[in-house]
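For reference, the structure is listed below as structure tokens.
Numbering (the numbering used here), first residue to last: 232 to 525.
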């Protein structure tokens, strides 16, 4: 078929539209019924998948991976996820390990403790080597900080330590999921390092800065605060995939596409949306419904 040249005005419009095209990140791992990691990536919906969570680490504790009913790390069955991770990466999806979560036993007692945890993550999930890699031989793309159950001390040290590993070859992506009240009481010090590639802000379970029926003002005000005060490569709007996925802050897909996204997509560092989580997303078809508008 013969190609046609676009008139200049339409070409410019296309370039502008493309410059604000966003991606979707999702959390996977906390619901057995959400299906496999490979099947989530095979949908073509996601550019980033956070494996949730490493719930125990730091302060001399033996790190513990909690992936609900997907596998049993103590029995070594989570190593079977290695092929899923590689399948996702072959599709261009970046796969990260998420630290923390809303509950768990994690904290960092000192800068030396942070270095010890960084070394553990490097050797067991990233580009290092260990005889006991919980997810097998696959090399993850980075580490996500979903720190909600500790005071955040020394997580800036952990971010600096992890960032150093990028010099050894494959880039180690750093991401974070602060809650929308600024500054986040758990992650502010870490975020102030300016080392994070992607920040997916949780605009839910926080009435002071989330969407409420017919009102996007609190959300957009918080978005503007975050994107002006924190240094990161891209910012993502974190949303629950259904009304059942969070206590408050659910944004119906039609509201997201017609009101919220048009208000924030002009931000220079707009990256897209983060969805909590794969189980509810599959149930509600949230990402599939909004993807073309993200």
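Note that beta-carbon positions come from the ideal geometry of N, C-alpha and C, so glycine has one too.
Taking its Cβ as the centre, do 16 or more other Cβ atoms sit within 10 Å of residue 248, making it buried, or is it exposed?
Low local confidence applies: a pLDDT of 41 at residue 248 is under 50, so the model's placement there is unreliable, and no value is given.
Using C-beta distances below 7 Å, list every residue in its chain close to residue 267, excluding the 5 sequence neighbours before and after it, in chain order.
315
What separation, rounded to the nearest whole angstrom, lies between the Cα atoms of residue 260 and residue 515?
Answer to the nearest angstrom: the Cα atoms are 17 Å apart.
Do the CB positions of residue 454 and residue 495 come within less than 8 Å of each other?
If you check the CB distance, residue 454 and residue 495 come in under 8 Å.
Could you pull out every residue in the same chain whose Cβ sits closer than 7 Å to the Cβ of residue 490, ignoring the five residues on either side in sequence?
447
Roughly how many angstroms lie between the CA atoms of residue 512 and residue 440, to the nearest whole one?
22 Å
List the endpoints of the continuous alpha helix (DSSP H) containing residue 517.
Start and end: 517-521.
Cα separation between residue 181 and residue 417?
Here the chain covers residues 232 to 525 and nothing more, so residue 181 does not appear.
Are residue 430 and residue 463 close, meaning C-beta to C-beta below 8 Å?
Yes. Within cutoff.
In chain order, which beta strand (DSSP E) runs of at least 3 residues are fully inside the segment 376-403?
none
Does residue 517 pass the burial test, meaning 16 or more other C-beta atoms within 10 Å, or should it be called exposed?
Counting Cβ neighbours within 10 Å, residue 517 comes out buried, since at least 16 surround it.
When you compare the segment 313-328 with the segment 381-397, are there three or more beta-carbon pairs, one atom per stretch, that lie closer than 8 Å?
no
Out of curiosity, what's the CA-to-CA distance linking residue 397 and residue 403?
5 Å
Whether residue 508 touches residue 277 by CB criterion (8 Å)
no
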